[in-house]
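Remarks on the structure that follows.
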Amino acid sequence: MAGYEASDQSKENAKRACPLTVHSRGVPIEKTKALTGCSKAGFYKLLQKAKERGCVPSGPIKLDFIEDATRTGAPRVSTEAAMAEIEGIVMKNSTTREHSTEMAISVLKDKDPHRKLSRRPVHRALERMDFRRVKPTTKPGLNAA
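UniProt numbering applies: residue 1 is where the sequence shown begins, and numbers increase by one.
Encoded structure:
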């Protein structure tokens with residue numbers, strides 16, 4: 001189809017399905033490795049996972065056999081509201097633009113003491129806004145009154 005761009009997840013699933021499909025047609029492991037680029041250890045791990053999920057070696061390869069399982073933990077996405085709040089703190093004036101990640105967290109915690117915040121998500125948000133680590137400099141001769 002013209003203009004169709006597959007998602008990263010569907011590309012990854014296709015990469016996993018290829019070795020299993022080739023192998024299910026009776027092709028030896030070494031030739032499967034040469035055709036698909038999948039290592040021997042990777043292939044056996046993929047085959048084991050597929051069999052645990054109900055795959056029959058000569059049967060069809062279903063998406064359920066090859067997809068990644070869901071993972072526990074909080075997702076790594078930050079909400080637009082949180083990004084806007086961090087941007088509001090940092091962009092307030094020239095002094096707050098020099099705030100470190102720690103200072104931004106302390107301002108956020110002052111607003112809501114029960115809020116749980118970690119350094120890394122705030123740092124990631126600042127990186128997404130194209131902030132970077134710099135040393136603030138002052139020019140003594142230029143600031144004299």
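Every residue gets a Cβ at the ideal spot worked out from N, C-alpha and C, and that includes glycine.
Check	Outcome
Sub-7 angstroms separation of isoleucine 105 and valine 90 beta-carbons	no
Delimiting residues of the alpha helix (DSSP H) encompassing lysine 49	40-52
Inter-residue spacing [alpha-carbon to alpha-carbon] between arginine 124 and serine 100	13 angstroms
Cβ distance (whole Å) where lysine 33 is taken to contact lysine 40 below 8 angstroms	6 angstroms
Length at least 4, wholly inside the stretch 58-86: the alpha helix (DSSP H) runs in chain order	63-66
Distance, cysteine 18 Cα to aspartate 130 Cα	39 angstroms
Asparagine 13, DSSP secondary structure in three states	helix
Local Cβ density within 10 Å of leucine 63, reported as buried at 16 or more and exposed below that	exposed
Host alpha helix (DSSP H) of residue 147 (start-end)	A question about residue 147 goes unanswered here, because the residues of the chain that appear run from 1 up to 145.
Length of the line joining the Cα atoms of lysine 135 and glutamate 98	9 angstroms
Whole-angstrom C-beta distance between threonine 36 and valine 22, which should lie under 8 angstroms	6 angstroms
Assigned exposure category for alanine 50 - 16 Cβ within 10 Å defines buried	buried
DSSP state of serine 24 mapped onto helix, strand, coil	helix
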